[in-house]
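Undergrad:
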Amino acid sequence: MDPVFTRLLPGDPAPRFVGATTTMSRFTFDTAGGRYIVLCLLGTAGDVGGQVALRAIAERHHIFDDEKFCLFGVVIDPEDQAQNRVQERLPGIRFFLDYDLEISRRYGALARDAAQGQAVTYRRSWIVLDPALRVLQIFPISGSAFDHAALFDYLSTLPAVDSYPGFSVQAPVLCLHSVFEPALCQKLISLYERHGGGESGFMREINGKTVGVYDHNHKRRKDHNIIDEEIIRITQARITRRIVPEIARVYQFHVTRMERYIVSCYAAEDGGHFRAHRDDTTKGTAHRRFAVSINLNGEFEGGEISFPEFGPRGFKPPPGGAVIFSCSLLHKVSKVTAGRRYAFLPFLYDEAAAKIRAENLGFIDQPAAG
Numbered sequence: 046m047d048p049v050f051t052r053l054l055p056g057d058p059a060p061r062f063v064g065a066t067t068t069m070s071r072f073t074f075d076t077a078g079g080r081y082i083v084l085c086l087l088g089t090a091g092d093v094g095g096q097v098a099l100r101a102i103a104e105r106h107h108i109f110d111d112e113k114f115c116l117f118g119v120v121i122d123p124e125d126q127a128q129n130r131v132q133e134r135l136p137g138i139r140f141f142l143d144y145d146l147e148i149s150r151r152y153g154a155l156a157r158d159a160a161q162g163q164a165v166t167y168r169r170s171w172i173v174l175d176p177a178l179r180v181l182q183i184f185p186i187s188g189s190a191f192d193h194a195a196l197f198d199y200l201s202t203l204p205a206v207d208s209y210p211g212f213s214v215q216a217p218v219l220c221l222h223s224v225f226e227p228a229l230c231q232k233l234i235s236l237y238e239r240h241g242g243g244e245s246g247f248m249r250e251i252n253g254k255t256v257g258v259y260d261h262n263h264k265r266r267k268d269h270n271i272i273d274e275e276i277i278r279i280t281q282a283r284i285t286r287r288i289v290p291e292i293a294r295v296y297q298f299h300v301t302r303m304e305r306y307i308v309s310c311y312a313a314e315d316g317g318h319f320r321a322h323r324d325d326t327t328k329g330t331a332h333r334r335f336a337v338s339i340n341l342n343g344e345f346e347g348g349e350i351s352f353p354e355f356g357p358r359g360f361k362p363p364p365g366g367a368v369i370f371s372c373s374l375l376h377k378v379s380k381v382t383a384g385r386r387y388a389f390l391p392f393l394y395d396e397a398a399a400k401i402r403a404e405n406l407g408f409i410d411q412p413a414a415g
């Protein structure tokens with residue numbers, strides 16, 4: 046029986062994966078969205094074809110700036126790392142060590158049933174992805190050398206990141222003013238200042254468990270968990286009255302549940318920020334459907350929320366205003382450079398998602414963060 050290969054075509058969503066690179070044991074590929082990505086399915090750098098590809102990359106390394114373009118090579122040969130044939134070059138150039146062959150199978154370089162230790166046919170190619178991680182173009186390899194000129198000619202024709210479909214785009218987010226009135230905003234800020242905040246981590250899947258972790262390079266924020274029942278009731282009422290009907294109108298989704306009541310602080314003195322992430326990627330967070338970001342003040346610089354897959358535009362709602370978005374969207378909070386950004390940050394979901402949350406409780410090692 047002939048081997049079966051995955052066949053990706055322009056317009057297809059790029060397969061998601063988590064893999065090891067030459068410098069990181071765990072790299073979540075879909076967090077790289079927000080720029081054009083070139084995947085170089087190399088296989089090995091130990092032959093003429095691989096060396097030609099690496100030379101083509103090196104000669105044009107300046108275009109891979111991590112702003113408009115980045116490149117990920119994929120190798121399955123352990124000798125590439127052992128002999129330093131592939132090396133990360135920042136910004137913009139990284140290599141996945143695909144020793145379990147998972148990436149190569151998903152992207153069609155290896156047959157679907159290819160296994161470690163077998164003699165395999167490796168189909169080398171360049172795959173260009175758009176900022177939303179959809180396939181733009183594929184450049185197969187012919188013979189022992191990569192036809193790299195066509196690739197780089199194509200890259201030179203691509204428009205700015207925020208115009209990748211051919212016109213300027215905006216993230217599919219809902220923006221509302223006056224969700225919280227000024228008095229409630231000040232009440233929540235005073236609550237934080239009276240009690241202070243604790244270091245806020247984020248959730249990661251480790252050995253099948255959802256675990257809270259801390260990494261100031263990835264996130265720096267402090268949170269105060271609200272336990273006052275009256276304040277919880279008030280915030281619920283505002284969201285039920287002013288956000289829930291809009292989600293139903295715009296997204297045809299009927300919210301019935303709300304998770305966490307916190308006042309968060311991104312402070313300039315801490316370098317407050319949150320790098321690109323999604324809010325529903327672990328078993329402990331898989332039930333989350335919509336994230337709500339309500340600014341409580343406006344006296345700060347930086348601290349804008351943005352959605353890299355749809356361009357660099359940042360959103361800064363006025364005090365009491367909200368940005369509401371799907372938890373599956375890649376998003377980040379830029380560093381606060383002056384003052385403090387105070388925000389109320391709940392998650393919303395429905396009864397079907399509540400069942401998922403209940404089923405996954407056994408997989409949570411620590412209370413959810415994010």
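Positions 46 to 415 (our numbering) are the ones given, in order, by the sequence shown.
Don't be surprised by glycine CBs; every beta carbon is placed ideally from N, CA and C.
As the structure is a computational prediction, the values presented were derived from the model and not from experiment.
Would Ala413 be called buried (16 or more neighbouring beta carbons within 10 Å of its own) or exposed?
TA: The count along the sequence shown starts at 1 and reaches residue 413 at position 368. A caution first: Ala413 carries a pLDDT of 48, below 50, which makes its placement in the model too unreliable to give a value.
Undergrad: Out of curiosity, what's the CA-to-CA distance linking His299 and Val289?
TA: Looking up residue 299 in the sequence shown gives position 254. Looking up residue 289 in the sequence shown gives position 244. Approximately 7 Å between the Cα atoms of the pair.
Undergrad: Evaluate the contact criterion for the stretch 125-137 versus the stretch 209-225: three or more CB pairs, one atom per stretch, below 8 Å.
TA: no
Undergrad: Between which two residues does the beta strand (DSSP E) containing Ala383 stretch?
TA: Working through the sequence shown from its first residue, we reach residue 383 at position 338. First-last of the beta strand (DSSP E) with Ala383: 383-389.
Undergrad: Can you tell me whether Met69 is buried or exposed? The criterion is at least 16 other CB atoms within 10 Å of its CB, across all chains shown.
TA: For the purposes of this step, residue 69 is identified with residue 24 of the sequence shown, where counting begins at 1. Exposed, by the Cβ-count rule.
Undergrad: In this structure, how does DSSP classify Pro58 when only helix, strand and coil are distinguished?
TA: Counted from its first residue, the sequence shown places residue 58 at position 13. Looking at Pro58 - three-state DSSP - the assignment turns out to be strand.
Undergrad: Using the Cα positions of Ala160 and Leu116, report the straight-line distance between them to the nearest angstrom.
TA: Taking the sequence shown and counting its residues from 1, one reaches residue 160 at position 115. Taking the sequence shown and counting its residues from 1, one reaches residue 116 at position 71. The alpha-carbon separation between Ala160 and Leu116 amounts to approximately 26 Å.
Undergrad: Tell me which residue opens and which closes the beta strand (DSSP E) that Arg249 is part of.
TA: Taking the first residue of the sequence shown as position 1, residue 249 is located at position 204. Looking at the DSSP string, the run of the beta strand (DSSP E) that includes Arg249 is 247-251.
Undergrad: On the CB-based measure, 16 or more other CB atoms within 10 Å of its CB, does Glu314 come out buried or exposed?
TA: Residue 314 sits at position 269 when you count from the first residue of the sequence shown. That one is exposed.
Undergrad: Out of Phe225, Glu147, Lys361, Leu200, which has the shortest C-alpha to C-alpha gap to Phe109?
TA: Here residue 109 is taken as the residue at index 64 of the sequence shown, counted from 1. Closest by alpha carbon: Leu200.
Undergrad: Thinking C-alpha only, which one of Ile121, Glu133, Leu174 is nearest Ser149?
TA: If you number the sequence shown from 1, residue 149 lands on position 104. For the residues Ile121, Glu133, Leu174, the minimum Cα distance to Ser149 belongs to Ile121.
Undergrad: Taking Cys230 as part of the alpha helix (DSSP H), name the residues at either end of that continuous run.
TA: One-based indexing of the sequence shown puts residue 230 at position 185. Cys230 -> alpha helix (DSSP H) spans 227-240.
Undergrad: Output needed for Ser338: all residues of its chain with C-beta closer than 7 Å, excluding positions within five of it in sequence on either side, in chain order.
TA: Against the sequence shown, residue 338 aligns to sequence position 293. Cβ neighbours of Ser338 beyond the five flanking positions: Ile350, Ala367, Val368, Ala388, Leu390.
Undergrad: Quick one: what does DSSP say Gln428 is sitting in, helix, strand or coil?
TA: Only positions 46 to 415 of the chain appear in this structure, which leaves residue 428 out of reach.
Undergrad: Can you have a look at His318 and say buried or exposed, based on whether 16 or more other CB atoms are within 10 angstroms of its CB?
TA: Here the question's residue 318 lines up with position 273 in the sequence shown. Result: buried.
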